[in-house]
Amino acid sequence: MQASVSLRLVLILGLLSAIGPFAIDMYLPALPQIGSSLNAQVGAVQASLTAFFLSVGLGQLLYGPVSDMMGRKPPLYFGLILFAASSVGCALAPNIETLVVFRFLQGLGAAAGMAVPRAVVRDLHTGHAAARMMSLLMLVFSVSPILAPLAGSGVIAVAGWRAVFWVVAVAAVLGLMATWKGVEETRTPEQRLDSSLGGALKAYLTLLRDPHYMGLVFIGGSAMAGFFVYLAGSPFVLINYYGLSSTQYSIAFALNSVAFIGAAQFTAKLGQRWGLVKVVKVAASASGVVMASLMAYYLMGGDQLAVLIALYFVSSALMGLVIPTTSVLALEAHGEIAGTASALLGTLQMLSGAAAMQIVGHFSNGKPLPMVVGMAMGALVGVALTWITLGAAKGAHHA
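Take the sequence shown: its position 33, counted from the start at 1, is 1051 in my numbering, and no numbers get skipped.
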């Protein structure tokens, strides 16, 4: 009975976490079409992505402490309602400026689904049990980048890009109902007594001064930065430069997600055998080697799409070991402020991704090289941070 309840909770938390990414991944194949429809340049269309990531990042700073003070469920209710309403605004947007504004508001709603589920996991579990639950949550969460672009391609082909936002609005309403029916409150009234806005500010300062926590956050953040660069650049590179159809692009994008999901399922077993720290060190370092090789290939004049897809497939698998594991390790020592710690983690990682996306966007010319260099730099920064943060740590100590 307990196992079935846990599985149901993981499914709901994973779906809540995925609603925001679903709103990204479904409309990725339509980015060139949105530009044509709203008469907007590539940079302006990419700004709708940046606005979303920026608000998802900043919103988590609020939802984390609020979930510590009010419990986990009220912020989820508010976020899902805001997300649904903003999705309708996106669907009706008459120009790119309006779309960017509603994407920002949509991101504020999505932030609840990003911050709160990680705190729920920490409320219930630590150590290997947390790693196992986090990897299961990532499994559900990662269904989004596999199915969403394909679903988006179908919706766009039948009803146009605006229909994507009607679909995600419905998904938010379903998430609201699932939260009401299937998620128990994991933050008791007694635990909330010690939480306040002043306490949250103090907690943020404590976390910002914790070099081990910050290092782990930015190891994951570097991985996310490389992914966000791919997210923003790949529709234009794969569709416009390499000539893929929106459906072919969706399949290529889904391959990376399959790699990420598959690898993430091994985090608990590998952590049990070798220690979570060692898993991060090996996987992050290997990803750096793979992405440096991809950058070298393009710098030397290579231009084969198959090489880009194959090497990024391997890197995505390695990131499937790094991202959930660093999240578990970062929250391990901060159970009493799990909501706040989860929020700051999500904020800093999202802002890292948004910053990387914006920087690389200035150099984007529709060709693969700027995107590949940005992806590789994210991986290499991650390697440096891994060895600075965990170089002297023993895997068993933090497992």
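Note that the Cβ used here is the ideal one computed from N, Cα and C, for glycine as well.
Exercise for the section: Please confirm whether Tyr-1267 and Pro-1167 have their CB atoms less than 8 Å apart. Expected result: Against a cut-off of 8 Å, the Cβ pair of Pro-1167 and Tyr-1267 comes out as a contact.
Handout entry: Any 3 or more C-beta pairs closer than 8 Å across the segment 1372 to 1388 and the segment 1099 to 1114
Key = no
Problem - Where Ala-1314 falls, given that 16 or more other Cβ within 10 Å makes a residue buried - result: exposed
Exercise for the section: Please say whether Leu-1046 and Ala-1190 have beta carbons closer to each other than 8 Å? Expected result: no
Practice task
Grab the span of the alpha helix (DSSP H) containing Ala-1348 for me, first residue to last.
Solution key: 1323 to 1350
Practice task
Mark Glu-1202 as exposed unless 16 or more other C-beta atoms lie within 10 angstroms of its C-beta, in which case mark it buried.
Solution key: exposed
Handout entry: C-alpha gap between Gly-1238 and Ala-1130, whole angstroms
Key = 19 Å
Practice task
Might you give, ordered along the chain, the residues of its own chain that have their beta carbon closer than 7 Å to the beta carbon of Thr-1407, omitting 5 neighbours on each side?
Solution key: His-1230, Gly-1233, Leu-1234 and Ile-1237
Practice task
Quick one: grab the DSSP three-state call for Phe-1284.
Solution key: coil
Exercise for the section: Rank Gly-1038, Met-1337, Met-1393 and Val-1276 by C-alpha distance to the C-alpha of Val-1297 and give the top, closest one. Expected result: Met-1337
Exercise for the section: Tell me the start and end of each unbroken beta strand (DSSP E) in the segment 1050 to 1082 that is at least 3 residues and wholly inside, in chain order. Expected result: Complete beta strand (DSSP E) runs here, min 3: none at all.
Handout entry: Length at least 4, wholly inside the segment 1238 to 1308: the alpha helix (DSSP H) runs in chain order
Key = 1264 to 1282 and 1285 to 1292
Practice task
Leaving aside the five residues before and after Met-1044 along the sequence, list all residues of the same chain whose C-beta is less than 8 Å from its C-beta, in chain order.
Solution key: Ala-1166, Pro-1167, Ala-1169, Gly-1170, Val-1173, Val-1182, Val-1185 and Val-1186
Practice task
Taking 8 Å as the cut-off, decide whether the C-beta atoms of Ala-1400 and Ala-1137 are in contact.
Solution key: One point to set straight first is that residue 1400 is Gly, not Ala, in the sequence displayed. If you check the CB distance, Gly-1400 and Ala-1137 do not come in under 8 Å.
Handout entry: Residue range of the alpha helix (DSSP H) that includes Leu-1047
Key = For the record, residue 1047 in the displayed sequence is Pro; it is not Leu. Unbroken run through Pro-1047: none, as it is neither H nor E.
Handout entry: Buried versus exposed call for Pro-1248 [16 or more other C-beta atoms within 10 Å across all chains shown]
Key = The sequence as given places Tyr at residue 1248; Pro does not occur at that position. Tyr-1248 comes out buried.
Practice task
Pick out whichever of Tyr-1259, Pro-1386 and Val-1346 has its Cα sitting closest to the Cα of Leu-1142.
Solution key: Val-1346
Exercise for the section: Since I believe Leu-1126 is in contact with Gly-1077 (beta carbons under 8 Å), could you give me their beta-carbon distance rounded to a whole number of angstroms? Expected result: 4 Å
Exercise for the section: Note down, in chain order, each residue of its chain lying with its Cβ closer than 7 Å to the Cβ of Tyr-1316, except the 5 sequence neighbours on either side. Expected result: Same-chain partners within the cutoff: Pro-1386, Leu-1387 and Val-1390.
Exercise for the section: Starting from the C-beta of Gln-1020, find all residues in its chain whose C-beta is less than 7 Å away, skip the five residues before and the five after it, and write them out in chain order. Expected result: Bear in mind that the predicted position of Gln-1020 carries a pLDDT of just 43, short of 50, making it unreliable; the figure below should be weighed with that in mind. Taken in chain order, the list of residues that qualify is empty.
Problem - Closest Cα partner of Met-1395 within the set Ser-1240, Leu-1223, Lys-1199 and Leu-1100 - result: Answer by Cα proximity: Ser-1240.
Exercise for the section: For Gly-1392, count neighbouring Cβ atoms within 10 angstroms of its own Cβ and tell me buried if that reaches 16, exposed if not. Expected result: buried
Practice task
Inspect the beta-carbon positions of Met-1368 and Gly-1075 and report whether they are closer than 8 Å.
Solution key: yes
Practice task
Go through its chain and collect everything with a Cβ distance to Leu-1215's Cβ below 7 Å, but skip five positions before and after it.
Solution key: Pro-1083
Problem - Start-to-end residues for the alpha helix (DSSP H) that takes in Met-1195 - result: First-last of the alpha helix (DSSP H) with Met-1195: 1180 to 1200.
Practice task
Leaving out five residues on either side along the sequence, give the residues of the same chain with a beta carbon under 8 Å from the beta carbon of Gly-1280.
Solution key: Ala-1335 and Gly-1338
Practice task
Taking Ser-1360 as part of the alpha helix (DSSP H), name the residues at either end of that continuous run.
Solution key: 1356 to 1381
Handout entry: Trp-1198 classed as buried or exposed, judged by whether at least 16 other C-beta atoms fall within 10 angstroms
Key = exposed
Exercise for the section: Tell me whether the beta-carbon of Gln-1282 lies closer than 8 Å to the beta-carbon of Phe-1331. Expected result: Note on residue identity: the sequence assigns Ala, not Gln, to residue 1282. No. Outside cutoff.
Exercise for the section: Look at the Cβ atom of Gln-1059, then the Cβ atom of Ala-1250, and state whether they are nearer than 8 Å. Expected result: no
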